[in-house]
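Notes follow once the structure below has been shown.
There are 2 protein chains.
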Amino acid sequence: MSSAVKAGTRRGAAVPSGAKPAAGPPAKPDVKGADARSAEGGFSLPPGRALAICLQLQTAILEHRLRPGMKLSEDEVGEIFGASRTVVRAALHALAHSGLVSMERNRGAFVSRPTIREAHEVFEARAVIEPRVARLAAGCTTESQLENLKAHIEAEHVALAAGEMSRSLYLSGQFHIAVSEIADQQVLGTIIRSLISRSSLIIALYWKRPDTACESHSHHALMRAMESQDGQGAEEIMKSHIVDLHSGLDLVEHSHHDQALSEVFKK
Amino acid sequence: MSSAVKAGTRRGAAVPSGAKPAAGPPAKPDVKGADARSAEGGFSLPPGRALAICLQLQTAILEHRLRPGMKLSEDEVGEIFGASRTVVRAALHALAHSGLVSMERNRGAFVSRPTIREAHEVFEARAVIEPRVARLAAGCTTESQLENLKAHIEAEHVALAAGEMSRSLYLSGQFHIAVSEIADQQVLGTIIRSLISRSSLIIALYWKRPDTACESHSHHALMRAMESQDGQGAEEIMKSHIVDLHSGLDLVEHSHHDQALSEVFKK
DNA sequence: CAATCCGGAATCGTATACAATTTTTAGGCA
DNA sequence: TGCCTAAAAATTGTATACGATTCCGGATTG
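Protein sequences, first through last, are from chains A and B. Reading the first sequence from the start, the letters are residues 6 to 272 in our numbering. Reading the second sequence from the start, the letters are residues 6 to 272 in our numbering.
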């Protein structure tokens, strides 16, 4: 049933939609150090083909082309990517470990639907970890890294101006990842990537207002703090930025879809 | 070659070696809330049988029965646990995601050998995260949870007195996990579990002195801070405790095994 | 008419078989 | 003796097949 998964062209580039050139010249940014090692959670790359499937699925989820709750049938995904269930299974397990999909025994894999509680916890965790990492990063930012950050912000602006909401959010996450990579802490970096991935799901579910160009300002301020080696400042900006993100969510039971119907007309 | 893996009885309890009764009566503690949900990294449990294998391998690694660098052949593990390679593979992948084993393409799975850099990063990460979690935990510790912590410390003492070094370290890690569970933060708790698991590997590789009953004191102090709801104190104690652990490591290239030989007689 | 029960279809869990790659070993040659 | 080459052995990567469980629809019955 259903034509659920419709990600990219069977064998497009690993991050096809990630290279979308909104405007010609100013869009050279494109996540620099986030190639293969930015894989799922960051850990042990699944062998061979599974990794490609992983990345495509991940990108699709992070760009909200696959919404939370969608079923990822092994057969279906396998047919789409022209792979056997064995490797699809590996890919799905990998994504499950990174928290993007959840697997229910004998029922299959679904794009994760973070609970409200988990949403809170993810952003609390980010509020604990990322500010500290931002401080570390501020202490050792090179010129080219600053350029990279600038390009990221640039790209965010472009996407936002073009009204590409989901892509904008994706890039926003990539910015945070870029910051964590500057800190050159792989362990914390991996953790942060995982949290940001999950944040993407949370935002897809609980975002309050579809407008709000809130991001770019904080990101710019953060970059400037890093530019002037202001660790303390960077830490504080990051902290408040994440708190802002957290409070920008509408964390109440959403009573989604038909459940709402049966609930509304109950009596 | 080799009779590498020799964990438990093919189908013993999930955590057989974890229940080793050093002394009869005083050993009732045994990790309370750390049953199945304390699985590997904490994430998506591999389906069915794989989970059991996961847990057994994990326990063996955490107790240093499987040393870093050991090869975990799929066939071999499969034969030992009476399972087919399919499920063994899933188990190994899961452990790889939690950082306990590393897989090299076309070469197989090995118990991870954390690099010195990774060792530093893991303890830096713990120093960032755990103190904050300890603070949270201190604010909401119930009586029974205190009892549980007490039992943990008790068990550590017993193991230490019996000279069971590796088990003592294992229990030390479990104590930290117990603290994180009190904080009732699943996301951060999962992260902490993963970091502690890796710490176990790091300690196996880089521990300085095989003696040192250093742990228990800090743990006891932490417990008392939590008992008196002293969040600030708990945070500080945890912080310094982790720094102590970090500095208790001998983080220099160990030139292990034969490499040492060729090095010694080089000139 | 509604609730329940059963059978088919679909999907997942596991085992086994085959292909690809690596490692090792045996052999030949300088 | 030492080193390079090549074939064999071992191990992993992938595909397919079969059994088990769940889901969905229709028939039966109170």
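Where is the CB? At the ideal position from N, CA and C, for every residue including glycine.
Between Pro-31/A and the rest of its own chain, which residues show a CB-CB distance below 7 Å, the 5 nearest in sequence each way excluded?
With a pLDDT of 34 at Pro-31/A, under the threshold of 50, the predicted position of this residue should be treated as unreliable, though the coordinate-derived value follows. Within the same chain, Pro-31/A has close Cβ partners Glu-159, Val-163.
Give me, in chain order, the residues of the same chain whose beta-carbon lies closer than 8 Å to that of Leu-286/A; leave out the 5 immediate sequence neighbours on both sides.
Here chain A comprises residues numbered 6 to 272, so residue 286/A is not present and cannot be evaluated.
May I ask whether a heavy atom of the ligand FAD can be found less than 6 Å away from the beta carbon of Ala-99/B?
As far as ligands go, the structure on display features none, and thus does not contain the ligand FAD.
Relative to chain B, which residues along the region 172-192 of chain A have a C-beta separation below 8 Å, given in chain order?
Answer in chain order: Gln-190, Gln-191, Val-192.
Around the Cβ of Thr-195/A, are there at least 16 other Cβ atoms within 10 angstroms (buried) or fewer (exposed)?
The residue in question, Thr-195/A, is buried, as its Cβ has 16 or more Cβ neighbours within 10 Å.
Lys-244/B by DSSP, collapsed to three states: which one?
Three-state result, Lys-244/B: helix.
Mind checking if His-222/B is an interface residue toward chain A, Cβ cutoff 7 Å exclusive?
No, His-222/B lies away from the interface with chain A (no Cβ there is under 7 Å from its Cβ).
Report the partner residues of Ala-114/A according to the DSSP bridge assignment.
Partner(s): Leu-77/A, Met-108/A.
On the three-state DSSP scale, how would you describe Leu-100/B?
In the structure shown, Leu-100/B sits in a helix (DSSP, three-state: H, G or I).
I'd like to confirm the pairing. Which residues does DSSP put opposite Leu-254/B in its beta bridges?
Note: Leu-254/B sits in a beta bridge opposite Trp-212/B.
Could you tell me whether any Cβ in chain A is nearer than 7 Å to the Cβ of His-125/B?
Judged by the 7 Å Cβ criterion, His-125/B is not in contact with chain A.
Among Arg-229/B, Arg-110/B, Arg-137/B, Glu-169/B, which has the Cα closest to the Cα of Glu-152/B?
Checked all of Arg-229/B, Arg-110/B, Arg-137/B, Glu-169/B; the closest Cα to Glu-152/B is Arg-229/B.
Are the CB atoms of Ser-205/A and Ile-197/A nearer to each other than 7 Å?
Not in contact: Ser-205/A and Ile-197/A (Cβ atoms no closer than 7 Å).
Between Gly-238/A and the rest of its own chain, which residues show a CB-CB distance below 6 Å, the 5 nearest in sequence each way excluded?
These residues qualify, in order along the chain: Ala-230.
Buried or exposed: Glu-258/B, going by 16 or more other Cβ atoms within 10 Å of its Cβ?
So Glu-258/B ends up on the exposed side.
Here's the rule: buried if 16 or more other CB atoms are within 10 angstroms of the residue's CB, otherwise exposed. What is Ser-177/B?
Label assigned to Ser-177/B: buried.
Compare the C-beta of Ile-247/B against all C-beta atoms of chain A and say whether one is closer than 7 Å.
It does not; no Cβ of chain A falls within 7 Å.
Determine the chain B residues that contact Val-133/A at a beta-carbon separation under 9 Å, and present them in chain order.
Those are Val-133, Ile-134, Arg-137, Val-138, Leu-193, listed as they occur along chain B.
How would you write the range of the alpha helix (DSSP H) that Ala-156/B sits in, first residue to last?
Per DSSP, Ala-156/B belongs to the alpha helix (DSSP H) from 148-166.
Apart from the five residues just before and just after Ser-49/B, which ones in its own chain have a Cβ nearer than 6 Å to its Cβ?
Any reading at Ser-49/B must be qualified, since the residue scores a pLDDT of 48, below 50, and its modelled position is unreliable; the value itself is stated next. Around Ser-49/B: no qualifying Cβ.
Taking C-beta pairs closer than 9 Å, name the residues in chain A that Ile-207/B reaches, listed in chain order.
Within 9 Å Cβ-Cβ: nothing; Ile-207/B doesn't reach chain A, min ~11 Å.
May I ask you to report which of helix, strand or coil DSSP gives Pro-26/B?
Unreliable positioning characterises Pro-26/B in this predicted model, as indicated by a pLDDT of 32, which lies under 50. A coordinate reading is not provided.
Out of Glu-79/B, Met-243/B, His-222/B, which has the shortest C-alpha to C-alpha gap to Asn-111/B?
When only C-alpha atoms are compared, the closest one is Glu-79/B.
Which class does Glu-126/B belong to by DSSP, given the choice of helix, strand or coil?
Three-state DSSP puts Glu-126/B in a helix.
Under 7 Å Cβ to Cβ from Ile-247/A, same chain only, skipping five residues before and after it: list those, please.
Counting only Cβ-Cβ distances below 7 Å, and skipping sequence neighbours, we find Phe-128, Arg-131, Ala-132, Glu-135.
Determine the contact status of Leu-193/A and Val-138/A, defining contact as a CB-CB distance below 7 Å.
Closer than 7 Å, so yes.
For Arg-94/B, count neighbouring Cβ atoms within 10 angstroms of its own Cβ and tell me buried if that reaches 16, exposed if not.
Arg-94/B should be labelled buried.
Along the chain, where does the alpha helix (DSSP H) that runs through Arg-172/A open and close?
First-last of the alpha helix (DSSP H) with Arg-172/A: 170-187.
Relative to the alpha-carbon of Gln-234/B, which residue among His-181/B, Gly-53/B, Gly-144/B has its alpha-carbon at the smallest distance?
Taking only the C-alpha atoms, the option nearest Gln-234/B is Gly-144/B.
Cβ of Ile-196/A less than 7 Å from any chain B Cβ?
Output row for Ile-196/A: interface = yes.
Report yes if the CB atom of Ala-124/A is closer than 7 Å to the CB atom of Ile-207/A, and no otherwise.
Yes, the Cβ-Cβ distance between Ala-124/A and Ile-207/A is below 7 Å.
Tell me whether Ala-101/B is buried or exposed, calling it buried when 16 or more other Cβ atoms sit within 10 Å of its Cβ.
Counting Cβ neighbours within 10 Å, Ala-101/B comes out buried, since at least 16 surround it.
What separation, rounded to the nearest whole angstrom, lies between the Cα atoms of Ser-252/A and Ile-182/B?
Computed Cα separation, rounded: 29 Å.
Quick one: which chain B residues come within Cβ less than 9 Å of His-251/A?
Those within 9 Å of His-251/A in chain B number zero; the least Cβ separation is about 13 Å.
Residues of the region 139-157 of chain B in Cβ contact with chain A at a cutoff of 8 Å, in chain order, please.
Result list empty, no residue passes.
With a CB to CB cut of under 6 Å and the five nearest residues on each side skipped, what residues in its chain are close to Val-20/A?
Confidence at Val-20/A is low in this model, with a pLDDT of 31, below 50, so its placement is unreliable and no value can be given for it.
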